[in-house]
Every structure is written in structure tokens, then in C-alpha cells.
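**Q** Before anything else, here's the structure in question.
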Amino acid sequence: MIKSLFNQNSIANNYRNLVNQINLLEKDLSLFSDSELRSKIFELKARYKTEKDLSFIIAECFALTREASSRTLGLRHFDVQLLGGLVLNNGQIAEMRTGEGKTLVATLSASLNALTENGVHIVTVNDYLASRDQVSMGQIYRFLGLDTGLIQENMTVKERQENYLADITYVTNNELGFDYLRDNMALNKKDVVLRPFNYCIIDEVDSILIDEAQTPLILSSTIETSLEKFVIAAEIVQYLEVKIHFNVDEKNKNVVLTEQGTLQIEQILGVKDLYNIKNPWIPYIINAIKANTLFFKNVHYIVQNQQIIIVDEFTGRIMADRRWSDGLHQAIEAKENVPIRENTETVASITYQNFFLLYPKLSGMTGTAKTAEIEFEKIYNLPVEVISTAKPNLRKDLPDLIYKDQLSKWNAIAKECKNISQIGQPILIGTTTVEKSEMLAQLLKEYNLSYQLLNAKPENVRRESEIVAQAGKKGSITIATNMAGRGTDIILGGNIQFKIRKQLYNILVSYKNRINLQSSKSVFLLLEDYRKLSQKFLSVLKSLIFDKQFLVLSDTEILKILNESDKIRIPVYLYECSIKFLLNQLYIFEKKKQKLDNILVRNLGGLYIIGTERNDSRRIDNQLRGRCGRQGDPGLSKFFLSLDDKLLRLFGGPKIQNFMQNQFLDDSPLQSNLLTKSLDAAQKRVEEADYDGRKYMFDYDDILNKQRNVIYYERRQILESQSVRDKILAYGEQIISEIIFEITNKKIQPVQALFLIENLLGTNLNLNLFLKSNFKAKNLKLTEIQIYLFQEFWLSYESKTIELEVRQPGLILALERTLILVYIDIAWKEHLQKMSLLRDAVGWRGYGQRNPLFEYKDDAYELFKNRSQITRHLVIYDLIRSAML
43 MIKSLFNQNS IANNYRNLVN QINLLEKDLS LFSDSELRSK IFELKARYKT EKDLSFIIAE
103 CFALTREASS RTLGLRHFDV QLLGGLVLNN GQIAEMRTGE GKTLVATLSA SLNALTENGV
163 HIVTVNDYLA SRDQVSMGQI YRFLGLDTGL IQENMTVKER QENYLADITY VTNNELGFDY
223 LRDNMALNKK DVVLRPFNYC IIDEVDSILI DEAQTPLILS STIETSLEKF VIAAEIVQYL
283 EVKIHFNVDE KNKNVVLTEQ GTLQIEQILG VKDLYNIKNP WIPYIINAIK ANTLFFKNVH
343 YIVQNQQIII VDEFTGRIMA DRRWSDGLHQ AIEAKENVPI RENTETVASI TYQNFFLLYP
403 KLSGMTGTAK TAEIEFEKIY NLPVEVISTA KPNLRKDLPD LIYKDQLSKW NAIAKECKNI
463 SQIGQPILIG TTTVEKSEML AQLLKEYNLS YQLLNAKPEN VRRESEIVAQ AGKKGSITIA
523 TNMAGRGTDI ILGGNIQFKI RKQLYNILVS YKNRINLQSS KSVFLLLEDY RKLSQKFLSV
583 LKSLIFDKQF LVLSDTEILK ILNESDKIRI PVYLYECSIK FLLNQLYIFE KKKQKLDNIL
643 VRNLGGLYII GTERNDSRRI DNQLRGRCGR QGDPGLSKFF LSLDDKLLRL FGGPKIQNFM
703 QNQFLDDSPL QSNLLTKSLD AAQKRVEEAD YDGRKYMFDY DDILNKQRNV IYYERRQILE
763 SQSVRDKILA YGEQIISEII FEITNKKIQP VQALFLIENL LGTNLNLNLF LKSNFKAKNL
823 KLTEIQIYLF QEFWLSYESK TIELEVRQPG LILALERTLI LVYIDIAWKE HLQKMSLLRD
883 AVGWRGYGQR NPLFEYKDDA YELFKNRSQI TRHLVIYDLI RSAML
């Protein structure tokens, strides 16, 4: 395999020697016992500690990991997977097609970098994938003597700390990012969960570093909100008409009030000015119009449990922990007549770009990264390397079919499904929104076609893995919103893992309930249905349903044991051992049938992918196409489009629209190279616009990021120090020095300065001498005054410290640290708000031929200096007075 790979792949040539070394080691390692393999890993750890360089042990570690995988999972890394692992270890992105085993590839680089004992993070897009991969791939790591961790949403601080201390930790991008922000707001070292970053592998790297990077990670707190204004604004919108009272810019998701609209709203509200600073109405009105004209139910959000839940437009998943900012979320809540939650303010934030750049070593893998290669290199310094498939790709991408309108398109899709289903070829239909997926489902129902529906609705999400896994079953029709990061292989003929768990669950629950209600004799009669399986299977099943410990389990507990059967290493109860045996027996039995079904579906042409609309990004379209043609399987993909699809309507241009309308004589579709090129160009323009938006956000946040790094470094130093007394004294001295500097520059009078010092540093300072002599700068040197004030401050603070320590020993140390951290956080929160306002304000300076980014940078520096001064003043003022209590 590798010889042919070298002939046509320059990437393979770069790693030829390493791959050959790994393959040469394989034969020798296969003769080692399990314990001998583990001892080899400890030898490699020792070598790294001596040499401090992983490059000398790459081949041996990769070979050990491959052998461990073969022994634990029965999966041997292909040569192309070795290439993928080497690319990851080199700090690059490995583009590998769907089904090429990216999850297994990550184990190679993760095991190697775990030998540093500094931790490896494998980042996934959702909790399910993190849990699944940690359970399955964890078997390889544990075999090698490495431990794994898993971060899930509802974990405690202690649980997070333990899991982050593991050699390899599986975690979602959201959990990891928010843990970082929370760590940098902790008031106690015991609440910090992360250790210093070392190495990160990002699964579905384009989804996380491109799509998710559109919006920053934000920690927020609630603020007092005028909720009634949202309700009133939602009512007012009902009396406004588009193009008369306001205009909608759908492309840029913005609305603009007309003069007539402004007068109409002011008349309804009975106010003279919507923009009145003391009582502004304009933000409520604008958000209410946006909520009604740009954000739609079952497209951008769903309503669940009387809450507005955002739907991720790139993955089709719900984002329960996200809210739109600046009052938009409240406006949508008012529109949908659900309880309006209070507005929030930012207390900490970071962009995905700057967050992942914190890792000294970063890599990623996906099936679709090449189209965003420029952004990966410019922003993240991550080159993209395309890894060849282990087997030739047999997928056929048919030309797009274009229809004159939506009705013709959806009818054509339904007819195509009916025709294809008659021969039994499985179909996967990709839709862009919840609304369209449900509309298509209703249409297929009218054609008497059975289907599986997967979208952001909770009732569908719960069965996500099962639905996707069975999408390759003969005769199946699966409707799904965007397929990014689903993480479950579509196996032709169906995935038997889900099937046998469901089958055994039905058997166990059925017989458990019957034995509680009927005589044991009837149970044995029912077991006759399963004579086709081995006698041992029946014997174990009979003993299980009479097990007293098993009988007390609820149906939910049985389901949980079945789903977590892979996690059971040493069974605690007899029924756990029995369930594992029954699953294995069912797997062996069903595997024979699955092989036949696989051959049958392959002969039918494999999985048939139908796209119902071009997405804004080519990557999303490619992700959908990539669901078929897995590991040399045949497959087919075709997109059904219409002239009024969003992408063509907004970005295709009127000339294309007019030209294409004239081409249609009836409902028959067209295959137009002109339109295909127009769509490709439109997608490219959208991608460029999105990239510009992310680059704009990154450039501005980069300035804030430098300040953030200073603040977080200062906080961590304070948090980890035994005492912050030196910091407190430095704050006081700096305040005095600043005031003396003000006197020198004649910005304030000396007497005013003394009153200011007394106000800040307390009345214990002995300043009466200066006041009585009517303090005159010409009679005294300012340096002498400065030294005298330093000494007075030291003595004053020391006396107050002793006074407080006598009352409660140890209190002053905790008080000093807590007050500094609290006031750093308060000042930083206010600074973030000012920076947000500044960012909006400098945009207008561009009209004066000034560079907004340079203006932002200069003003941001001044704001940051003021923030530092405010922090010092607040800390000293409060500490001096706390000491006097």
C-alpha cells in the first residue's frame, strides 16, 4: 500500500522513512507479551525525560500504539492513518475523508505527546463524541499504561480537576473554553481546574476553528433589564410595514428605520425622540424588527420548555447554553410570548482564535479543510495536508439540477425518493433548517414513504446516533439537517451495534416484566423464539432473568448498562457479565446477515446523498457528500436547487436570475454550467465575507488579548502567591508617586494632593505637619515628601494589619488576596464594556480618513492604563477602611 502511496503523494514522501521504521518494528512487537509492551512505554518515557525531544521516539511509540490498538480493539492502523498521525504530531491539519478512521488516527499522536506527562487535550464538537471516543480509544491508552479523562457538562470542580490531570483528556470546545475563563475568575487556587496547556488535537477542526469562531466565548452575569420595553416593542412592530417604515438587509442581517417609520413609532409611543440618551427606545425597536424579519422559528431557533434555544446553522444542533447578545434574545422571547429573561453583561470573553493559540502545540483533523486553507495558515499557523484514502474513492458527484421554484424542487425530490426507494437503495437527504426538514417529511408522508427524521428537535436529537448509524440500511430514507460532526459512521447494510443493543433491550425488558407477572413456565415458552441462537445463549438468558439483582433494575437502568457495556471492564455483578456475553453472541449472529446486506446495498450503488440547497460554505456541502463513499464503498450525490434558494437569491445577482428564468419552459430541471459557476462564485463570496468578519474580530481582539494576557498573568501570580503584602505596598507607593508626579507637572495644587492622599490612604497618615505649615513646594523637595509619605503609608498599613490580625488571625492575608482579585475583576469587566463601546465608536473615524484599528489600539492603551489606576485606588481605599473595622 505504502509503495503506491509514495508514487503519487508528496506528503507520504516526507514521512517515508518514519512509516518504514514503524512497519519494520511491527513484526518484532507482535512477539512481545502485553506486560513487555507496557514496559516499552515506560522506557520511552524515561528516554524523553533524558533527551527532552519526542522526535527520537516517534517510530517506536507509533508502532506500540498500533500494536495496542490491534490487541484491544482489533483495529490495525493503515499506512495512511500513520501518515495522518505524523501530520498531527507535526502541528498540522490532516484532511482525511469521512470513514478513514480519524478517531483512531488521533491515538498515535496523543500517545506520543502524553509521554511528556504535561497532558493532551482531544477536543470534540459535542459531549456524545467526547464520551464515545474516550470509552473506545481509552482501551488503547490504558493498555499502554496511560490514563484518560473526560469532561462533561455537569461535572463538579473536583471531577474536572481529576480529569484534566489525566494523560489524555477528551473535552468539547465549549467546556474547555469556559473552564479557561472560569479559572481566570477564580478567587481560590482550589477552584482552578486546568493545568498549563501543552498539546491539543481538534476533531472536526474546521467546524470549531472556522464555524464556531464566528462568535467569541463569553461569560456573563445578569443585569437589571427593562423587560416591559421588549414587550411594547414587539407589539409596535405589528403596526410597521417593510419598505415603508423600515428596510431589511437580509445579506448583512441588518434593518434600517425610514423617516416615516421613526415618526410612526414616536407617535405610537408618545415620545419626542427614540434616540433620547436618558430613555432610549431605538435598540428595543431595532431588535424587535430583527426578531420578526431576520430570525425565524425552526430555522434559527426552536422553542423548548418555554425557552428560546438557538440552532447552530452549521451543524443543525441546538446550543442550549448560548444566547444572542445586545437584547436580541429578549426581543425573540417577546415575539414568541415566552418568559423574558434578564439581559446580561460580559464579565469575561475570548475568541476561539486567541484561545487555541494559547497551546504551544496545536493540530487538527477533518474531512473538509482545504477550502479554508488560507485562513488556517494566516490565523492559526496550521498548514493543511491532504491524506490519501486507504481505498480508491468510488463516489460519483452528479451535476446539480436546477428548478424554477421551490415547489418544483421539493416535488422533484419526493419523486426521486419514491423511485429510488423502489429498488432499495438507501437515501440520505440533507436540509438546511428544521423547518425544511419537517416540510419534506410531511411531503414524503403524502407519498407513503417511511423515513427517519433528524433535526434539532429534542425528540429527534435523543436518537441521533442510532438514526445516522442506520442511514445505510437497505430501503431507508433519512432526512437530516447539516451533517457536520455527527461522528457516527454510516455503514452500508446498517450498523449492527445499535441493532443488537435494541434487540437485547426488548428481550430483557419483555421477559423481566413477564416473569414478575406470570409463571416461570410461560417464560420458557417465550424463549423458544430464540432457538436459532446457541444453547449457551439461551442458558445465560434464562439464568439472567431469574437473577434477583437483575430483576430489581428499572428499564432505564437496563438501557444504561447496555449502552455502557464497553465501559464494563471487571463486572461488579453477575448480570453485567451475562449482558456482555449476550451482546457478543448477538453480534456474532447478526454479523453474518450484515455482511450479506452490505454486499446487497453496494450492488445497488451504495448510499445516495440528496442535497436540497447549496449552503453558504462549500465545506458544508462537501461534508454532506462525504457521508457516502466511505472506505471504498460506492456512493452517489446530487443537489436539487431552485432559483429562489437563499444563496442564489442573495448573491447570484439579477442578471443570473433573469437569464435563468427565461430558460425554463416547464417544470423540467436544467443542468447549467453557468449557474453552477455562479453558485460556486456566490459561495466563495460568502466565505470571503465570513473570513473578513472573523479576521476583523481577530484583529480587534488581538489588541484586547494582549491586555487579557497581562491581567490573567497578574491574577495567577496573586492567586498562587503565599502573600500579596508586597503587592499592596507597591499599590500604595504607586498611588503616592502618581500624585507627586501630578504636583510636579502642576496639574494639582500641593494642598489638594494632601487631601487626596488622606482620602485614599486614610486619616492615620501624619499629614498635620504639612497642613499646619501651609505646605509650600518651594520649601521642600518633592523626593523628600515622597519618601516621607512612603514611610507613613508603610507604618499606617502595618498598624492596621496588626489591629485586624489581633481580632482574627490569618484574616488579613485572605482579605488582601480576595480584595485584589475582586477589584481586578470589577475593573476588567468595566474595561470590557468600554472597549466594546470604543470598538463601535472608532468605526466612524474611518470617514475622517483615519485608520479605525490604529485609533482603537491607541485609545485601548489609554483605557488600560486607567483601569490599572482604578484597580489600585479601589484596593487601597477598601483595605485601609477594612482594617479600621
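For the sequence shown, counting from 1, position 379 maps to 421 in the numbering used here; every step adds exactly one.
For each residue, glycine too, the CB sits at the ideal point set by N, CA and C.
Determine the extent of the alpha helix (DSSP H) in which C670 is found, giving its start and end residues.
**A** Residue numbering aside, residue 670 sits at position 628 when the sequence shown is read from its first letter. Where C670 is concerned, there is no enclosing alpha helix (DSSP H), given that its DSSP letter is neither H nor E.
**Q** Here's a check: name, in chain order, each residue in its chain whose Cβ is nearer than 8 angstroms to the Cβ of I135, leaving out the five neighbours to either side.
**A** Counted from its first residue, the sequence shown places residue 135 at position 93. Answer for I135: V129, V247, S405, G406, M407, T408, A411, F418, L424, P425, V426 and E427, listed in chain order.
**Q** Mind checking which residues open and close the alpha helix (DSSP H) that includes L146?
**A** The residue labelled residue 146 in the question sits at position 104 within the sequence shown. Counting along the chain, the alpha helix (DSSP H) containing L146 begins and ends at K144 to A156.
**Q** Just curious, the beta strand (DSSP E) that Y445 is in, first and last residue?
**A** Start at 1 with the first residue of the sequence shown, and residue 445 comes out as number 403. L443 to Y445 is the span of the beta strand (DSSP E), which, as asked, contains Y445.
**Q** Rounded to whole angstroms, what's the CA-CA distance from L106 to L666? Just pull it up for me.
**A** If you number the sequence shown from 1, residue 106 lands on position 64. If you number the sequence shown from 1, residue 666 lands on position 624. Going from the Cα of L106 to the Cα of L666 covers about 35 angstroms.
**Q** Does the segment 235-243 come within contact of the segment 159-176, defined as at least 3 CB pairs closer than 8 angstroms?
**A** Cβ pair count under 8 angstroms is three or more, so yes.
**Q** Between E845, R887, G180 and L880, which lies nearest to L905 when the distance is taken from Cα to Cα?
**A** Start at 1 with the first residue of the sequence shown, and residue 905 comes out as number 863. Of the listed residues, the one whose Cα sits closest to L905 is L880.
**Q** Excluding the five sequence neighbours on either side, which residues of its own chain have a C-beta within less than 7 angstroms of the C-beta of Q448, listed in chain order?
**A** Locating residue 448 in the sequence shown gives position 406, counting from the first residue. For Q448, where only same-chain residues beyond five positions count, the Cβ hits under 7 angstroms are S684 and D686.
**Q** Can you tell me the Cα-Cα spacing of S22 and A856, whole angstroms?
**A** This structure leaves residue 22 out entirely; the chain is present only between 43 and 927.
**Q** Excluding the 5 residues preceding and the 5 following K820 in the sequence, name in chain order all residues of the same chain whose CB lies nearer than 7 angstroms to its CB.
**A** For this step, residue 820 is matched to residue 778 along the sequence shown. At K820 the pLDDT is 49, less than 50, meaning the model places this residue with poor confidence and gives no usable figure here.
**Q** Bridge partners of Q346, per DSSP?
**A** Taking the first residue of the sequence shown as 1, we reach residue 346 at position 304. Paired residues: Q349.
**Q** To the nearest angstrom, report how far apart N230 and M739 are at their CA atoms.
**A** Here the question's residue 230 lines up with position 188 in the sequence shown. Here the question's residue 739 lines up with position 697 in the sequence shown. C-alpha separation (whole angstroms): 32 angstroms.
**Q** Quick one: is R118 buried, meaning 16 or more other Cβ sit within 10 Å of its Cβ, or exposed?
**A** Residue mapping note: residue 118 aligns to position 76 of the sequence shown, counting from 1. Exposed.
**Q** Around the C-beta of I265, are 16 or more other C-beta atoms found within 10 angstroms, so that it is buried, or is it exposed?
**A** By one-based count along the sequence shown, residue 265 stands at place 223. Exposed is the label assigned to I265, since fewer than 16 other Cβ atoms lie within 10 Å of its Cβ.
**Q** Which stretch, first to last residue, makes up the alpha helix (DSSP H) that contains L692?
**A** Your numbering for residue 692 matches position 650 in the sequence shown. Its alpha helix (DSSP H) spans residues K688 to F693.
**Q** For the putative contact between I662 and S679, defined by C-beta atoms under 8 angstroms, what is the C-beta separation to the nearest angstrom?
**A** For the purposes of this step, residue 662 is identified with residue 620 of the sequence shown, where counting begins at 1. For the purposes of this step, residue 679 is identified with residue 637 of the sequence shown, where counting begins at 1. The Cβ separation is near 13 angstroms, so there is no contact.
**Q** My parser needs the beta strand (DSSP E) runs of 3 or more residues fully inside the segment 343-427; what are they?
**A** 343-346, 349-353, 386-392 and 403-408
**Q** Can you name the start and end residues of the beta strand (DSSP E) that H163 belongs to?
**A** Here the question's residue 163 lines up with position 121 in the sequence shown. Its beta strand (DSSP E) spans residues V162 to T166.
**Q** Going by other Cβ atoms of all chains shown within 10 Å of its Cβ, with 16 needed for buried, is E655 buried or exposed?
**A** As a working note, residue 655 is residue 613 in the sequence shown. Buried, since its Cβ has 16 or more Cβ neighbours within 10 Å.
**Q** Give the DSSP-derived three-state secondary structure of G141 in the structure shown.
**A** Numbered from its first residue, the sequence shown carries residue 141 at position 99. Reduced to three states, the DSSP call for G141 is coil.
**Q** Sorted by chain position, which residues of the same chain lie with C-beta nearer than 8 angstroms to L559's C-beta, five sequence neighbours on each side aside?
**A** The sequence position of residue 559 within the sequence shown is 517, counting from 1. Any reading at L559 needs caution, since the residue's pLDDT is 45, under 50, leaving its predicted position unreliable; the model's value is listed next. Its chain contains no residue whose beta carbon lies nearer than 8 angstroms to that of L559 once the 5 sequence neighbours on both sides are disregarded.
**Q** Quick one, which of L251, T304, E201 and D439 has its alpha-carbon nearest I278's?
**A** Numbered from 1 along the sequence shown, position 236 holds the residue referred to as residue 278. Checking every option, the nearest Cα to that of I278 belongs to T304.
**Q** Does L593 pass the burial test, meaning 16 or more other C-beta atoms within 10 Å, or should it be called exposed?
**A** In the sequence shown, the residue the question calls residue 593 occupies position 551. With fewer than 16 other Cβ atoms within 10 Å, it is exposed.
**Q** What is the DSSP secondary structure of F288, counted as helix, strand or coil?
**A** By one-based count along the sequence shown, residue 288 stands at place 246. Residue state, collapsed to three classes: strand.
**Q** I'd like to check one pair, V297 with K332: are the Cβ atoms closer than 8 angstroms?
**A** Reading the sequence shown from its first residue, position 290 is the one you call residue 332. Reading the sequence shown from its first residue, position 255 is the one you call residue 297. Cβ atoms of K332 and V297: closer than 8 angstroms.
**Q** Taking C-alpha atoms, which residue in L798, G143 and S112 lies nearest to L73?
**A** Translated into positions along the sequence shown, residue 73 becomes position 31. With distances taken between Cα atoms, L73 lies closest to S112.
**Q** So, I862 versus I745, is the Cβ gap smaller than 8 angstroms?
**A** As a position in the sequence shown, residue 862 is number 820, starting the count at 1. As a position in the sequence shown, residue 745 is number 703, starting the count at 1. For I862 and I745, no; Cβs fall outside 8 angstroms.
**Q** What first and last residue would you give for the alpha helix (DSSP H) that runs through K82?
**A** If you number the sequence shown from 1, residue 82 lands on position 40. D76 to E93 is the span of the alpha helix (DSSP H), which, as asked, contains K82.
**Q** Secondary structure at I429, three-state DSSP: helix, strand or coil?
**A** Walking along the sequence shown from the start, residue 429 turns up at place 387. It is coil, neither helix nor strand.
**Q** So K633 and I538 are in contact, right, with Cβ under 8 angstroms, and what is the actual spacing, rounded?
**A** Stepping through the sequence shown from its first residue, residue 633 is reached at position 591. Stepping through the sequence shown from its first residue, residue 538 is reached at position 496. Going by Cβ atoms, the distance from K633 to I538 rounds to 6 angstroms, so yes, they are a contact pair.
**Q** Using C-beta distances below 8 angstroms, list every residue in its chain close to L282, excluding the 5 sequence neighbours before and after it, in chain order.
**A** As a working note, residue 282 is residue 240 in the sequence shown. Closer than 8 angstroms at Cβ, skipping near neighbours: F288, G303, Q306, I307 and I331.
**Q** Classify S561: buried if its beta carbon has 16 or more other beta carbons within 10 angstroms, exposed otherwise.
**A** Translated into the one-based positions of the sequence shown, residue 561 becomes position 519. Unreliable positioning characterises S561 in this predicted model, as indicated by a pLDDT of 43, which lies under 50. A coordinate reading is not provided.
**Q** What is the DSSP secondary structure of T304, counted as helix, strand or coil?
**A** Here residue 304 refers to the residue found at position 262 when the sequence shown is read from its first residue. Helix.
**Q** Assuming L604 and I587 are in contact, meaning their beta carbons sit under 8 angstroms apart, how far apart are those beta carbons, in whole angstroms?
**A** Your numbering for residue 604 matches position 562 in the sequence shown. Your numbering for residue 587 matches position 545 in the sequence shown. With 8 angstroms as the limit, L604 and I587 do not qualify as a contact, their Cβ atoms being about 15 angstroms apart.
**Q** Kindly list the residues whose CB is nearer than 7 angstroms to the CB of D169, restricted to its own chain and excluding five residues on each side of it in sequence; keep chain order.
**A** Working through the sequence shown from its first residue, we reach residue 169 at position 127. Around D169: Q194, E195 and T214.
**Q** Please report the distance separating the alpha-carbon of V884 from that of I868.
**A** On the sequence shown, position 842 is the one that residue 884 refers to. On the sequence shown, position 826 is the one that residue 868 refers to. One C-alpha to the other measures close to 24 angstroms.
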